[in-house]
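Those sequence lines, one after another, are chains A and B.
Positions 36 to 453 (my numbering) are the ones given, in order, by the first sequence.
Positions 10 to 97 (my numbering) are the ones given, in order, by the second sequence.
Note that beta-carbon positions come from the ideal geometry of N, C-alpha and C, so glycine has one too.
Following: one structure in structure tokens, then a few remarks.
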Amino acid sequence: MQKYSVFSLIKNAFKGHKDWEVAWKDPTPKNEYDVIIIGGGGHGLATAYYLAKEHNITNVAIVEKGWIGGGNVGRNTTILRSNYMHDQNGLFYEKGMDLWRSMSQDLNFNVMYSPRGIINLAHSDAQMNAYSRRGNSMRLNGIDAVLLGREEIKKILPMLDFSDDVRFPIFGGLMQPSGGTARHDAVAWGYARQADSMGVDIIQHCEVTGFDVTNGKIKGIKTSKGNIKAKKIGLCVAGNTSMLAEMLNMTLPIETHLLQACVSEPIKPILDQVVTFGAGHFYCSQSDKGEMVMGGDLDGYNSYAQRGNLPTLQHVLTEGIAMFPFLSKLKMLRTWGGIMDMSMDGSPIIDKTHIEGLYLNCGWCYGGFKATPASGWTFAHTIAQDKVHELNAGYNLNRFNTGHLIDEKGLGTKTWIS
Amino acid sequence: MLHIKCPYCGTRSQNEFVYGGDATVKRPQLNKEVSDKEWDTFVYLRKSPRGKHLEFWQHISGCRQWIKVQRDTATHEIFKTLKPNEDI
């Protein structure tokens, strides 16, 4: 594989950029693989990469019905964080933060990792107490957390609305200085390029239409490009999980919902951190191009449409303007939507299933992007070793039955219905 | 913007409604022994189909009645709305 560096860039510039190798090939599927990963999004690509890198399993195919970078990996708001209170979540996502720190070097692809800090604003004494508790839990798990008062927030974010007559005054906030952003397309391309170079077949425009399950054991898949046999199959299809589960006669604790995001016209640098509104659901950061990148609530009803509806966008941006009044002056450049696999306790599922050789990776809700490396790393372990890693042991499918929910928000089931 | 025809009030914008989830889920019968599995199925498991979906909505900023709506989850087309005790 061609190494990307400043020298290869200069060398190719002299040749008119005509000699660059393709980043990944376009193979026709073989008859059989050791492992097939369904879904060529961030998690599927990362899983294939870590299968090859950590477990020397390279006879792997990724089957993707669309194209690399066309799903949620290219539709998110690029936020990285591990500011969770529960041990299971904190330790899992912090493993991800470790992988993010070295990702550009690992993948020889600049993912523009930017640990700019994430600040969750608090709007009441009770919320400050809750944040202080969460911050302490994070620090016990080795995650950086700083509780900021109103005056400290004012120094960092002077453009917030600090006036006296606001409905939700700012009391302070919880900051994870190591949180931040990364360029999502680069993550997909970087993982795809490395996985391909180690022998993984990335098969795009290939839709799964059925499964071959014999005597409780997975044998292969049926696709729009023919039948493919495999000893092990991993599902990484986010919002489409319920559709594949139906083909397998499984019903999962998941509903597919629609989430929108949007960017404003580009403006001069004003916001250095990622900031979230604590009295609703709104988050905001500024891209390197200067656009304000914003998102918030789900549209609120089951949906497979990868496009949103205006009432929710208006609701979300009302919260944004309550936080940053200057946003009201900006024009909207672009809005889009993606479909989320909303699990019933708000936490993901990475587990084996009752079908031998079939592995499940789903339930990422709105937080899948930051989990990309940790999800791939633990899912690769689960598939290769046929047993869960301690980092994803809590993310089992059985927890809904046994009552061992990982309910980070303390909201119970259907955490997205408020 | 969805336009939902409330069986009591007529067609109104989605802003007047809140969503209540899958209307095909059946609660285990009262005063009967319920297994963990039955309860798990009722509380957590959902088919979440792509296509026709029968669901509850409440006309919260209108008549406050619960209604059933049959809607396509891929196109958002609404086929039929019903009173809560009616079946398709």
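- A direct Cα-Cα distance of roughly 16 Å separates Lys50/A from Val57/A.
- With the criterion set as a beta carbon lying under 7 Å from some beta carbon of chain B, the members of the region 425-442 of chain A are Phe435 and Asn436, in sequence order.
- When the beta-carbon positions are compared, Gln79/B and Ile97/B come within less than 8 Å of each other.
- The beta-carbon distance between Thr216/A and Val310/A, rounded to whole angstroms, is 12 Å. This is too long to meet the 8 Å contact definition.
- Ser70/B is outside the set of residues whose beta carbon lies under 8 Å from a beta carbon in chain A.
- Taking the CA atoms as reference points, Asp334/A sits about 11 Å from Asn24/B.
- Residue contact with chain B for Thr258/A: absent (no Cβ-Cβ distance below 8 Å to any residue of chain B).
- For Glu290/A, there is no enclosing alpha helix (DSSP H); the residue is part of the beta strand (DSSP E) that begins and ends at Ile289 to Ser299.
- Contact annotation: the region 375-385 of chain A does not touch the region 52-70 of chain A, with fewer than three C-beta pairs closer than 8 Å.
- Between the C-alpha atoms of Leu352/A and Cys400/A there is a straight-line separation of about 21 Å.
- Taking a Cβ-Cβ cut-off of 7 Å, the neighbours of Thr291/A in chain B comprise Ser57, given in sequence order.
- When rounded, the separation of the alpha-carbon atoms in Gly330/A and Met233/A is 36 Å.
- Under DSSP, Thr20/B shares a beta bridge with Lys14/B.
- Boundaries of the beta strand (DSSP E) harbouring Asp247/A: Val243 to Thr249, taken from the DSSP string.
- Counting C-beta pairs with one atom in each stretch, the region 282-290 of chain A and the region 386-397 of chain A have three or more that are closer than 8 Å, which means they touch.
- If you check each beta-carbon in the region 339-350 of chain A against every beta-carbon of chain B, the ones closer than 8 Å belong to Tyr339, Ala340, Asn344, Leu345 and Pro346.
- Excluding residues up to 5 positions away in sequence, Thr20, Arg21, Ser22, Gln23 and Ile87 lie with their Cβ nearer than 8 Å to the Cβ of His12/B in the same chain.
- For the C-beta of Val43/B, not a single chain A residue is nearer than 7 Å; the gap to the nearest is close to 13 Å.
- Of the residues Ile45/A, Arg342/A and Leu306/A, the one whose Cα lies closest to the Cα of Leu195/A is Leu306/A.
- For His62/B, there is no enclosing alpha helix (DSSP H); the enclosing beta strand (DSSP E) covers residues Lys61 to Gln67.
- Residue pairing by DSSP places Asp45/B opposite no residue, since no beta bridge is assigned to it.
- By the Cβ criterion, the region 344-351 of chain A is not in contact with the region 27-39 of chain B, since fewer than three pairs of Cβ atoms, one from each stretch, lie closer than 8 Å.
- Exclusion of the five residues before and after Gln37/A leaves Glu56 as the residues of its chain whose Cβ lies within less than 6 Å of its Cβ.
- If only complete runs of 4 or more residues are kept, the region 98-183 of chain A shows the alpha helix (DSSP H) at 122-136, 138-142 and 160-175, in order along the chain.
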